[in-house]
Amino acid sequence: MGYSQTLQYLIDNEQDACWGLTVNGVGFQHIDSGEIYPPKNHPQEYSFLTDRGRRLNEYQFIYITAGRGVFRSEHCDQTEIKEGDMFLLFPHEWHSYQPDPETGWNEYWIGFRGQNIDGRISNGFFSPREPIFHVGLHDELVQVFRNAITIAKEQHVGFQQMLAGTANMVQGYAYAFNRHNEFADWEIVEQMRKAKVIMME
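Right under this line is the structure:
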């Protein structure tokens, strides 16, 4: 990918909200082994201490493409996170997560809110009690995040609507790949996918 960190925090307006979904931020971070986490260059409302956790006013999907770590929240006991896992943060839900100091990790993330995602929660597609998705490593999913980062950087007219589309794609991939992997053993395929993702990053 050519960079170790890129963070794009965004604003929206009432017209954007009428679209049904707005994106608050998107980014990528490479965390080396032993590196302090999280880095200290986030806005105050996103910064947190891992031993205290935090609450956000939005949803966030975090996709781990290398390394491992842990995640915990109000409705989820501490759980190991490994490459190929995604987890979903819910508005006003206490949570904390961090990479293993021995490995660090690579993380893509996108934050969003709106009536579209609220409806999916109400209809049972996503739940705070099941916030972790074992989607595996997919170069096409990495590309969705990379496209979102580019759109957020350029901020052309209609960028919020474009980003809403990428956020919807991330949600769809999380739901579909997680369901798919529940019924299959993908060890060999996963090694091939990992090689593709490594080449992209």
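Going by full-length UniProt numbering, the residue at position 31 of the sequence shown is 31; the numbering climbs one at a time, nothing skipped. Positions of the beta carbon are idealized from the N, C-alpha and C atoms, including for glycine.
Backbone CA spacing between residue i and residue j [nearest angstrom]
i: R72; j: I31; result: 19 Å
i: residue 202; j: F61; result: As displayed, the chain neither begins before 1 nor continues past 201, which places residue 202 out of reach and without an answer.
i: D12; j: N116; result: 16 Å
i: F126; j: H92; result: 15 Å
i: A17; j: Q160; result: 9 Å
i: Y173; j: H42; result: 27 Å
i: R55; j: P38; result: 15 Å
i: I188; j: T6; result: No answer about I188 holds up, because its pLDDT of 48 lies below 50 and its placement is not dependable.
Residue i vs residue j beta-carbon contact at 9 Å
i: G67; j: E83; result: yes
i: R113; j: N24; result: yes
i: I110; j: T166; result: yes
i: Y9; j: Y63; result: no
i: V135; j: F90; result: no
i: E74; j: N57; result: no
Bridge-paired residues (DSSP) for residue i
i: F28; result: T6 and Y108
i: T166; result: Note: T166 sits in no beta bridge, so no partner.
Notebook entry, point to check: Along the chain, which unbroken stretches of the alpha helix (DSSP H) at least 4 residues long are found entirely within the UniProt domain "AraC-type arabinose-binding/dimerisation" (40–156)?
Noted result: Within the UniProt domain "AraC-type arabinose-binding/dimerisation" (40–156), the alpha helix (DSSP H) runs of at least 4 residues that lie entirely inside it are, in chain order, 115–122 and 139–154.
Check: Just checking, does the segment 149–156 make contact with the segment 79–96 on the three C-beta pairs under 8 Å criterion?
Finding: No, because fewer than three Cβ pairs between the segment 149–156 and the segment 79–96 fall closer than 8 Å, the two stretches do not touch.
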